[in-house]
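Protein chains in written order, with the working numbering: chain A, 7 to 151; chain B, 7 to 151.
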DNA sequence: ATAAATTAGGATAAAATTGTCCTTTATTGG
DNA sequence: CCAATAAAGGACAATTTTATCCTAATTTAT
């Protein structure tokens, strides 16, 4: 409702990779798709985007898979994933769909939207993969169903 | 980015109808499409949904068109339009796309999303068509471009 | 009554998003 | 070197959303 399906899968996949990397395990697309309940081939495309954007790291071949460095778990914030997949329309786009909507020429909802979007932006910019994987690890949150 | 295109057009159309009804003018789909810069036939479908939901009122035939009662300009809040067009997934849907995501079985982003969504909801529930049409009337805001 | 204007509604078409399948490339172990 | 495994990537298919077109129904004025 806020992100595209691709972006939803992307965040869930990245969080799962983080969780497993914390345990020192590299994971395959197949396992990821299974564990986040997402179509495997489609998830593969999204993982490609994430690796191209240096958000996670991929290794080909036997014993290959996806992983993420410990530092990156802290450094990668959700806004980076959203930007890599959905672009920055979530920040720049007008709530009512005007092509150019800004303080000089605002749509009727401009100011009210700005408030909410700023909150959203702050949330995305301050939430790391590590933080999200932690909740999962202790069984407080879920990535499926 | 938050609403569907249909919903964006719907809100813009409803605000335009409100603005014109304030002047006592009934407006045609053609004029609406023109003035909010939206595809006419598509806008017509959306206006149908709004009339079926008693949000605006339509009159067929010569000198017909769309209008809205003075009381309804205050009573109709944005959430009613969003609900009529996009349903209530904006309120109930999970930010990460889980089928069931709630306090008992939350996704990793559940709480953070809840805050933002509550703000959004409050905003939509408290913003009336009259309020939005007013900004337009005094030239502070725009529905095109 | 008739013609003109206008919404309602059905049938399609186009575009975008989501999803699948198959081949290629890289890596590892034997 | 060879076989097995896994990601990368291209081509295509299905679905959903957006958009168009045409006809029917309704109302008004003459």
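All residues carry an ideal CB built from backbone N, CA and C; glycine is no exception.
Source: prediction; values computed, not measured.
Annotation: the continuous beta strand (DSSP E) that includes residue 72/B extends over 71-73. Annotation for residue 10/A: no beta strand (DSSP E) segment contains it, and DSSP assigns it neither H nor E.
Chain B places a beta carbon closer than 9 Å to that of residue 133/A, counting this residue as a contact. Inclusion of residue 8/A and residue 126/A in the CB contact set at 9 Å is warranted, their separation being smaller than that value.
Take residue 32/A, set aside five residues on each side of it, and the residues of its chain with a beta-carbon closer than 8 Å to its own are 26, 65, 69, 70, 71, 72 and 73, in chain order. With contacts defined as CB atoms closer than 9 Å, residue 20/B and residue 87/B qualify as a contacting pair. For residue 111/A, the nearest CB of chain B lies under 9 Å from its own CB, placing it at the interface with that chain. Looking only at 43/B, 28/B and 63/B, the smallest Cα-Cα distance to residue 12/B is reached by 43/B. Residues of chain A whose Cβ lies closer than 7 Å to the Cβ of residue 63/B do not exist; the shortest such Cβ separation is about 21 Å. Positions of the beta strand (DSSP E) runs, each at least 3 residues long and wholly inside the region 28-88 of chain B, are given as 63-65 and 71-73 in order along the chain. Close to chain B, meaning a Cβ-Cβ distance shorter than 9 Å, is no residue of the region 54-78 of chain A at all. In this structure, residue 39/A places its C-beta atom within 9 Å of the C-beta atom of residue 49/A. Taking the C-beta atoms as reference points, residue 131/A is found no nearer than 9 Å to residue 95/A.
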